[in-house]
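Here the structure comes first, spelled out in structure tokens, and everything after it is commentary.
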Amino acid sequence: MIDGFHLVVQALKANDVDTIYGIVGIPITDLARVAQASGIRYIGFRQETSAGNAAAAAGFLNRRPGVCLTTSGPGFLNGLPALANATANCFPMIQISGSSNRALVDLQRGDYQDIDQLDAARPFAKAAYRIGRVEDIGRGVARAVRTAISGRPGGVYLDIPGEVLGQAMNADDAAATVWRIVDPAPRQLPAPEAVERALQLLAQAQRPLIVLGKGAAYAQADDLIREFVEATGIPFLPMSMAKGLLPDSHPQSAAAARSLALARADVVLLVGARLNWLLGHGDSPQWAADARFVQVDIAPSEFDSNQPIAAPLAGDIGSVLAALRDGVAARPITAPEEWTKELAARTERNDAKMRERLAEDPQPMRFYNALGAIRAVLQANPDAYVVNEGANALDLARNVIGMEVPRHRLDTGTWGTMGIGMGYAIAAAVETGRPVVAIEGDSAFGFSGMEIETICRYRLPVTVVILNNGGVYRGDEAADGADPAPTVLNARAHHELLAEAFGGKGYHVTTPTELRSALTETIAARTPAIIDCELDPAAGVESGHLASLNPSSAAAVSAGG
Ligand code: ADP
Numbered sequence: 001m002i003d004g005f006h007l008v009v010q011a012l013k014a015n016d017v018d019t020i021y022g023i024v025g026i027p028i029t030d031l032a033r034v035a036q037a038s039g040i041r042y043i044g045f046r047q048e049t050s051a052g053n054a055a056a057a058a059g060f061l062n063r064r065p066g067v068c069l070t071t072s073g074p075g076f077l078n079g080l081p082a083l084a085n086a087t088a089n090c091f092p093m094i095q096i097s098g099s100s101n102r103a104l105v106d107l108q109r110g111d112y113q114d115i116d117q118l119d120a121a122r123p124f125a126k127a128a129y130r131i132g133r134v135e136d137i138g139r140g141v142a143r144a145v146r147t148a149i150s151g152r153p154g155g156v157y158l159d160i161p162g163e164v165l166g167q168a169m170n171a172d173d174a175a176a177t178v179w180r181i182v183d184p185a186p187r188q189l190p191a192p193e194a195v196e197r198a199l200q201l202l203a204q205a206q207r208p209l210i211v212l213g214k215g216a217a218y219a220q221a222d223d224l225i226r227e228f229v230e231a232t233g234i235p236f237l238p239m240s241m242a243k244g245l246l247p248d249s250h251p252q253s254a255a256a257a258r259s260l261a262l263a264r265a266d267v268v269l270l271v272g273a274r275l276n277w278l279l280g281h282g283d284s285p286q287w288a289a290d291a292r293f294v295q296v297d298i299a300p301s302e303f304d305s306n307q308p309i310a311a312p313l314a315g316d317i318g319s320v321l322a323a324l325r326d327g328v329a330a331r332p333i334t335a336p337e338e339w340t341k342e343l344a345a346r347t348e349r350n351d352a353k354m355r356e357r358l359a360e361d362p363q364p365m366r367f368y369n370a371l372g373a374i375r376a377v378l379q380a381n382p383d384a385y386v387v388n389e390g391a392n393a394l395d396l397a398r399n400v401i402g403m404e405v406p407r408h409r410l411d412t413g414t415w416g417t418m419g420i421g422m423g424y425a426i427a428a429a430v431e432t433g434r435p436v437v438a439i440e441g442d443s444a445f446g447f448s449g450m451e452i453e454t455i456c457r458y459r460l461p462v463t464v465v466i467l468n469n470g471g472v473y474r475g476d477e478a479a480d481g482a483d484p485a486p487t488v489l490n491a492r493a494h495h496e497l498l499a500e501a502f503g504g505k506g507y508h509v510t511t512p513t514e515l516r517s518a519l520t521e522t523i524a525a526r527t528p529a530i531i532d533c534e535l536d537p538a539a540g541v542e543s544g545h546l547a548s549l550n551p552s553s554a555a556a557v558s559a560g561g
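Take the sequence shown: its letter number 97 is residue 97 in UniProt numbering, and every next letter is one higher.
Shown next as structure tokens:
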């Protein structure tokens, strides 16, 4: 005989799940034990949202669904923000949750942790399934894996009531109920006429631009993308998590001339990037009013969501880019020199401004001089993974820290979610074994900060650099009353003591030189560490680069404030 616990583990293993991120409790504690005994790595967290975020990041890095395990009720609910965030970001992940007795929950008889979890999860997931019988465990897992990873990836919820885990069946019969899915994310080839339409449009362009999004990073079609970009000479702009797909130092990068590139481009090839708020919805004046768009996406419903798509290319990025590359090999396209020179001139001007900013050495430290020190260390360690969240800490680090290798930057993504930091950092370390540097605002760190204990317990090579200006946005707002102002945290905090409390290394630094030496040391030693960087509480601006989305500052601006 075999029980539900062992069968779930067999089904996961059959589909190459080698790591589970979660928190144990009723009714799934034995599931974690059985998984661990079977050779699956189990990473136990302190809060489920971080476990879910880790699973999502693992999904992005590996192109296989990451798995998060939660208990019934509150544990399940804590996992939901991560499930929703994974879905919003198109990361494949599966939240497997134990749940309470259906007969009692459905009659609302007040069972332990009673929630109709399936219904609760549905709006936040790409799909939500419940396994109602032990003999459906293999099918349920196969369905969850298939759905998470095929087409546009996303978060899948898989509900397993405690009683199903406890059911048993004949082991031989059970073996036949588990299967490994074939070709989990089938290629989707673009139609030849769609490729032709796109190439014709690009060939006519005076000011073509390629925007690479995190879908392009996820697709792992790095060589094809590089070949197409280099064969055409078209300037490219990486979205933040696509940085490194081609090195930021690449001569065709328009990253340092972003505003000009968007405002002037006449034909834009979007590769795995949505025209959402992060790209100003494709609207003028950020974009030229007559800009025409070519979009590569695996989800055809994405086309025309914001702007007319003149040449939609439905398909997987690898297949589409192969077709585009073959197309330009037969009929070359070359970006007009006038355009590439215009962008190069702006890049040079902006690079010079950046160098000046980084050369300043104000005391107390501010964002730029701290980030300059981090940049120098990361340049010497290009294969370190970078996790980044915060407001100013995110906006400025994204510009200052160049990436040279694909899929080495994980950040707040599509929703600008604070709290992804430690979960993403743990997944990057667990999945790759490489050093991870999490560049965190002090406020952002607080959302998942307790996971520093998880980092220390598993001895992960994660250095958390906290850019501590003592507040949300900044730490110097005067209070209107006895309590601290709403944006104010604690500029005198010593976050490094948190690492020390759990056996990691702690550093408190006040100068770029100290920061540089501490970070060099922690990366080399691969020790869990926190570097608390004391910044000027007056450093930073409200809402970072998103002031226009903040109703109060937008009102102040329109009122001339
Ligand atoms: P960014 O925030 O970097 O602009 P988005 O998350 O908005 O990126 O966009 C990613 C897009 O990539 C989504 O629309 C998704 O459907 C698409 N996508 C994901 N994987 C693939 C793939 N393998 N092939 C084609 N498109 C993909």
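Even glycine gets a Cβ: it sits at the ideal position worked out from N, Cα and C.
Which listed residue (the options) has its alpha carbon closest to that of residue i
i      : options                        : result
Tyr424 : Val387, Gly449, Pro406, Gly441 : Val387
Gly441 : Arg63, Ala501, Glu542          : Glu542
Val24  : Thr334, Ala397, Gly44          : Gly44
Pro235 : Arg264, Glu431, Lys214         : Arg264
Val34  : Ala14, Gly52, Arg133, His6     : His6
Val105 : Pro81, Leu497, Gly162          : Gly162
Ala491 : Val436, His508, Arg152, Ala501 : His508
Asn399 : Ser240, Val195, Val296         : Ser240
Leu118 : Arg146, Gly79, Arg139, Gly138  : Gly79
Asp290 : Pro362, Ala168, Gly372, Gln206 : Gln206
Ala499 : Gly215, Gly471, Ile28, Val462  : Val462
Ala501 : Leu515, Arg474, Ile452, Pro285 : Ile452
Leu165 : Ala380, Pro27, Asn306, His494  : Pro27
Ala55  : Ser72, Asn85, Thr71            : Asn85
Thr487 : Leu497, Gly470, His495, His494 : Gly470
Phe445 : Glu477, Thr432, Ala393         : Ala393
Gly22  : Ala524, Thr454, Val472, Ala547 : Thr454
Ile225 : Ala485, Val328, Asn369         : Val328
Leu61  : Arg526, Gln363, Val405, Pro528 : Val405
Residue burial classification, residue i (beta-carbon count within 10 angstroms, cutoff 16)
i      : result
Gln47  : buried
Ala125 : buried
Val67  : buried
Tyr112 : exposed
Lys341 : exposed
Ala330 : exposed
Lys353 : exposed
Ala175 : exposed
Leu549 : exposed
Arg325 : buried
Ser284 : exposed
Thr177 : buried
Ser72  : buried
Leu519 : buried
Gly560 : In this prediction, Gly560 scores a pLDDT of 35, lower than 50, which makes its location untrustworthy; the coordinate-derived value is nonetheless stated afterwards. So Gly560 ends up on the exposed side.
Val182 : exposed
The alpha helix (DSSP H) enclosing residue i, as first and last residue numbers
i           : result
residue 562 : This structure leaves residue 562 out entirely; the chain is present only between 1 and 561.
residue 585 : Nothing can be reported for residue 585, as the shown portion of the chain is limited to 1 through 561.
Pro81       : 74 to 89
Glu473      : Reading off the sequence, residue 473 comes out as Tyr, not Glu. Segment: none, Tyr473 is in no alpha helix (DSSP H) and carries neither H nor E.
Glu337      : 337 to 359
Tyr424      : 421 to 432
Leu189      : Premise fails: Leu189 is in no alpha helix (DSSP H) and is neither H nor E.
Ile455      : 452 to 457
Residue i versus residue j - alpha carbon distance
i           : j      : result
Glu227      : Asn468 : 42 Å
residue 581 : Gly75  : The displayed coordinates of the chain run from 1 to 561. Any statement about residue 581 would go beyond what the structure contains.
Ala14       : Gly506 : 41 Å
Ala555      : Ala58  : Here the model assigns Ala555 a pLDDT of 48, short of 50, so the residue's position is not dependable, and the following value carries that caveat. Taking the straight line joining both Cα atoms gives about 41 Å.
Gly413      : Ile131 : 32 Å
Asp223      : Thr417 : 30 Å
residue 596 : Thr19  : Since the first residue of the chain shown is 1 and the last is 561, residue 596 is not available in this structure.
Phe293      : Ala11  : 43 Å
Leu246      : Ala219 : 14 Å
Ala314      : Val17  : 29 Å
Asp532      : Pro551 : 32 Å
Val557      : Glu337 : In this prediction, Val557 has a pLDDT of 43, which is less than 50 and means its spatial position is unreliable; what the coordinates show is noted afterwards. The straight-line gap from Cα to Cα measures roughly 39 Å.
Where the beta strand (DSSP E) containing residue i begins and where it ends
i      : result
Ile309 : 309 to 314
Val17  : Per DSSP, Val17 belongs to no beta strand (DSSP E) and is neither H nor E.
Gly66  : 66 to 70
Arg292 : 292 to 297
Segments assigned beta strand (DSSP E), at least 3 residues, entirely inside the segment 101 to 168
Counting whole runs of 3 or more residues, the segment 101 to 168 contains the beta strand (DSSP E) stretches 127 to 130, 155 to 161.
Entirely within the segment 199 to 261 and at least 3 residues each: give me those beta strand (DSSP E) ranges in chain order.
Qualifying beta strand (DSSP E) stretches, in chain order: 208 to 212, 236 to 238.
Report the residue ranges of all beta strand (DSSP E) runs contained in full by the segment 488 to 561; include only those spanning at least 3 residues, in chain order.
Correct list: 505 to 509, 529 to 534.
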